[in-house]
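Engineer: Encoded as structure tokens, here's the structure I'll be asking about.
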Amino acid sequence: GEDVEQSLFLSVREGDSSVINCTYTDSSSTYLYWYKQEPGAGLQLLTYIFSNMDMKQDQRLTVLLNKKDKHLSLRIADTQTGDSAIYFCAESIKKYRYSGGGADGLTFGKGTHLIIQP
Amino acid sequence: GAVVSQHPSRVICKSGTSVKIECRSLDFQATTMFWYRQFPKQSLMLMATSNEGSKATYEQGVEKDKFLINHASLTLSTLTVTSAHPEDSSFYICSARHLAGLTSTDTQYFGPGTRLTVL
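Chain order of the listed sequences is A and B.
Each residue of the first sequence is one higher than the one before, starting from 1 at the first, in the working numbering.
Each residue of the second sequence is one higher than the one before, starting from 1001 at the first, in the working numbering.
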């Protein structure tokens, strides 16, 4: 299967940590990504993790991967109003598609709306 | 680095006309570009994979004769929506695969998207 599941909304207070969770079903995923989308804008790559890693930290962002449970999380420390956006979890898959060629596009979750309370 | 642009950012057209959307990698070469569409409050759905110098690979359910893809150079891919209808109205986003060194990180960088409205 290719489902990627996320909660639709997360509300946190400014200054607290935000933890956005994601589950996926395709065990052959090679890379897993977190993208940020602000209103009316395109996607911004935040971070990614290779499937043989457990954790990756980049400034305020920490990604945790539990491959056994197929669970990915993104922690944003000291959440600010500028972090308000939709966060998409995505996995990289490699399959042969309808036209017979190889492809490794991304499968996205529906996105988590991060709402910051003052 | 790794900037991807799209043109136009917004287009409104009449039903039955064709619309071309350009996707450019500005500061890197992209042998592979991807086209996605996003309906309101929905996730992105992969439409097709565009490989430089070869035919695009389409996802199941995507009409290749309706969504024409051309990847003529390492920095440009175009998506043409032919004979557009109101149901084709959507947000179309491209991405370009950035090769890091000798191996690919599979990292895709996304363009800002094109809002297509078909009247």
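Just so it is clear, CB atoms sit at the ideal spot from N, CA and C, and this is done for glycine as well.
For B/A1030 and B/R1097, what's the separation of their Cα atoms in angstroms?
Structural biologist: To locate residue 1030 of chain B, count along the second sequence from 1; it is residue 30. To locate residue 1097 of chain B, count along the second sequence from 1; it is residue 97. Going from the Cα of B/A1030 to the Cα of B/R1097 covers about 6 Å.
Engineer: Between the beta-carbon of A/K110 and the beta-carbon of B/S1090, is there less than 9 Å?
Structural biologist: Residue 110 of chain A sits at position 110 when you count from the first residue of the first sequence. Residue 1090 of chain B sits at position 90 when you count from the first residue of the second sequence. No; because the gap between Cβ atoms is not below 9 Å, this pair is not in contact.
Engineer: I'd like to know if A/K67 contacts chain B, where contact means its C-beta is closer than 9 Å to some C-beta of that chain.
Structural biologist: Walking along the first sequence from the start, residue 67 of chain A turns up at place 67. Taking Cβ atoms only, chain B never reaches closer than 9 Å to A/K67, which makes this a no.
Engineer: I'd like to know whether the C-beta atoms of B/N1070 and B/T1057 end up nearer to each other than 9 Å.
Structural biologist: To locate residue 1070 of chain B, count along the second sequence from 1; it is residue 70. To locate residue 1057 of chain B, count along the second sequence from 1; it is residue 57. It is not a contact, given that the beta carbons lie outside the stated cut-off.
Engineer: Indicate the three-state DSSP secondary structure (helix, strand or coil) for B/T1107 in the structure shown.
Structural biologist: What you label residue 1107 of chain B is simply residue 107 of the second sequence in a count that begins at 1. If DSSP states are grouped into helix, strand and coil, B/T1107 belongs with the strands.
Engineer: Can you find the residues in the same chain that come closer than 8 Å, C-beta to C-beta, to B/H1007, ignoring five residues on each side of it along the sequence?
Structural biologist: Within the second sequence, numbered from 1, the residue matching residue 1007 of chain B stands at position 7. The answer, listed in chain order, is I1021, E1022, R1024, T1114.
Engineer: Taking the alpha-carbon positions, what's the B/K1055 to B/V1011 distance?
Structural biologist: What you label residue 1055 of chain B is simply residue 55 of the second sequence in a count that begins at 1. What you label residue 1011 of chain B is simply residue 11 of the second sequence in a count that begins at 1. Cα to Cα, the separation comes out at about 26 Å.
Engineer: For a quick check, are the C-beta atoms of A/N66 and A/L72 less than 9 Å apart?
Structural biologist: Mapped onto the first sequence, residue 66 of chain A falls at position 66. Mapped onto the first sequence, residue 72 of chain A falls at position 72. Closer than 9 Å, so yes.
Engineer: Using C-beta distances below 6 Å, list every residue in its chain close to A/D129, excluding the 5 sequence neighbours before and after it, in chain order.
Structural biologist: The question about residue 129 of chain A has no answer, for chain A in this structure spans 1 to 118.
Engineer: Check whether the Cβ atoms of A/S17 and A/I76 lie closer than 9 Å to each other.
Structural biologist: Start at 1 with the first residue of the first sequence, and residue 17 of chain A comes out as number 17. Start at 1 with the first residue of the first sequence, and residue 76 of chain A comes out as number 76. Cβ distance < 9 Å, so A/S17 and A/I76 count as in contact.
Engineer: Our contact map puts A/Y11 next to A/T112 with C-beta atoms below 8 Å; I'd like the distance itself, whole angstroms only.
Structural biologist: By 1-based counting over the first sequence, the position of residue 11 of chain A is 11. By 1-based counting over the first sequence, the position of residue 112 of chain A is 112. The amino acid at residue 11 of chain A is misidentified as Tyr; the sequence shows Ser. With a Cβ gap of about 11 Å, A/S11 and A/T112 do not count as contacting.
Engineer: With C-beta atoms as the reference, is B/G1016 less than 9 Å away from B/A1072?
Structural biologist: Numbered from 1 along the second sequence, position 16 holds the residue referred to as residue 1016 of chain B. Numbered from 1 along the second sequence, position 72 holds the residue referred to as residue 1072 of chain B. No. Outside cutoff.
Engineer: Please say whether A/W34 and A/V63 have beta carbons closer to each other than 9 Å?
Structural biologist: Working through the first sequence from its first residue, we reach residue 63 of chain A at position 63. Working through the first sequence from its first residue, we reach residue 34 of chain A at position 34. Yes.
Engineer: Hey, quick one: how far does the beta strand (DSSP E) through A/A90 stretch, first residue to last?
Structural biologist: On the first sequence, position 90 is the one that residue 90 of chain A refers to. Here the beta strand (DSSP E) through A/A90 covers 85 to 92.
Engineer: Go ahead and pull the three-state DSSP assignment for A/E5.
Structural biologist: For the purposes of this step, residue 5 of chain A is taken as the residue at position 5 of the first sequence. Here A/E5 sits in strand by DSSP.
Engineer: What residues from the stretch 39 to 53 of chain A come within 9 Å of chain B, judged by C-beta to C-beta, listed N to C?
Structural biologist: The stretch 39 to 53 of chain A vs chain B, Cβ under 9 Å: G40, A41, G42, L43, Q44, L45, Y48, F50.
Engineer: Is it true that the CB of A/I116 sits closer than 9 Å to the CB of A/Q80?
Structural biologist: The count along the first sequence starts at 1 and reaches residue 80 of chain A at position 80. The count along the first sequence starts at 1 and reaches residue 116 of chain A at position 116. Yes, these two residues count as a Cβ contact at 9 Å.
Engineer: With the cut-off set at 9 Å, would you say B/F1034 and B/A1002 are in Cβ contact?
Structural biologist: Sequence index remark: in the second sequence, residue 1034 of chain B carries index 34 (1-based). Sequence index remark: in the second sequence, residue 1002 of chain B carries index 2 (1-based). No, these two residues do not count as a Cβ contact at 9 Å.
Engineer: Can you tell me whether A/D58 is helix, strand or coil according to DSSP?
Structural biologist: Counted from its first residue, the first sequence places residue 58 of chain A at position 58. If DSSP states are grouped into helix, strand and coil, A/D58 belongs with the strands.
Engineer: Please return the same chain residues whose Cβ sits closer than 8 Å to the Cβ of B/F1067, not counting the five positions on each side in sequence.
Structural biologist: Locating residue 1067 of chain B in the second sequence gives position 67, counting from the first residue. W1035, M1047, A1048, Y1058, L1079, T1080, V1081, T1082, listed in sequence order.
Engineer: Taking the Cβ atom as the reference point for each residue, do B/Y1109 and A/L106 lie within a distance shorter than 9 Å?
Structural biologist: Position 109 of the second sequence, counted from the first residue, corresponds to residue 1109 of chain B. Position 106 of the first sequence, counted from the first residue, corresponds to residue 106 of chain A. Against a cut-off of 9 Å, the Cβ pair of A/L106 and B/Y1109 comes out as no contact.
Engineer: Suppose you measure from the CA of A/S84 to the CA of A/G40; what does that come to, to the nearest Å?
Structural biologist: The count along the first sequence starts at 1 and reaches residue 84 of chain A at position 84. The count along the first sequence starts at 1 and reaches residue 40 of chain A at position 40. Those two C-alpha atoms are separated by around 13 Å.
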